[in-house]
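Count along the sequence shown from 1, add 83, and you get the number used in our numbering. Have a look at the structure below, then the notes.
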Amino acid sequence: MRSLHSVANGHRLGQSIVGGQTNLQPSDKTGHIQIGTAMGQLPADIRRFLYDNVETLEELELLVLLGRDPSRTWSKDEAETELKIPFHAVADAFQSLYTVGLCDLLVGPDREDRFRLTLHDPRRAAKARELAQLYHASRFELVKLIAEAAMDRVRSSVTRAFADAFVIGDRKKKRGPDG
84 MRSLHSVANG HRLGQSIVGG QTNLQPSDKT GHIQIGTAMG QLPADIRRFL
134 YDNVETLEEL ELLVLLGRDP SRTWSKDEAE TELKIPFHAV ADAFQSLYTV
184 GLCDLLVGPD REDRFRLTLH DPRRAAKARE LAQLYHASRF ELVKLIAEAA
234 MDRVRSSVTR AFADAFVIGD RKKKRGPDG
């Protein structure tokens, strides 16, 4: 976040630019103006929901698409056209969202797979709709969170692989896949 020093009308003001709009806010204690998206504005439950369920930017974009109109069904081709994401990435994202229970798979009249936001778990569907509403105001923060979560998964995997390198003999076999 960029910071500038400013005094306006004898008061120190913080200015943040969010979604193309400028909002004046009290500045930090140094009197610096904060310019950029205010980080940390995502609700904790949305942060946890994303961390637990969404691994890629394609999955995020697709979940937002499904959350915009929960009653609509989408084919892979329609989602590819709407989101301008390669077909294989759309297919992988639909598969991932289906696997974690965030979308339902339906067979259309033309026997084509169609997907919609899940109706089986109203709580999770509500989170996806909330995410779709937040997306336009907090897109940068959502994308940043997805990237951070991906890095956390990589770090965790590397740490586990490093630790497993020092396990000797039968202890390694007894640990199993979950440690």
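The C-beta atom is built at its ideal place from N, Cα and C for all residues, glycine as well.
- A direct Cα-to-Cα measurement between Arg-243 and Arg-236 gives close to 11 Å.
- Separation of Arg-206 and Pro-169 (C-alpha to C-alpha, rounded to the nearest whole angstrom) is 30 Å.
- Excluding its 5 nearest sequence neighbours in each direction, Val-190 has C-beta neighbours in its own chain below 8 Å: Asp-196 and Arg-197, listed in chain order.
- Taking 7 Å as the cut-off, the beta carbon of Glu-224 is found closer than this to the beta carbon of Leu-125.
- Bounds of the alpha helix (DSSP H) holding Phe-170 are 170-182.
- In the three-state reduction of the DSSP assignment, Phe-249 falls in the coil class.
- Per the Cβ contact rule, the segment 148-168 is not in contact with the segment 125-134 (fewer than 3 Cβ pairs under 8 Å).
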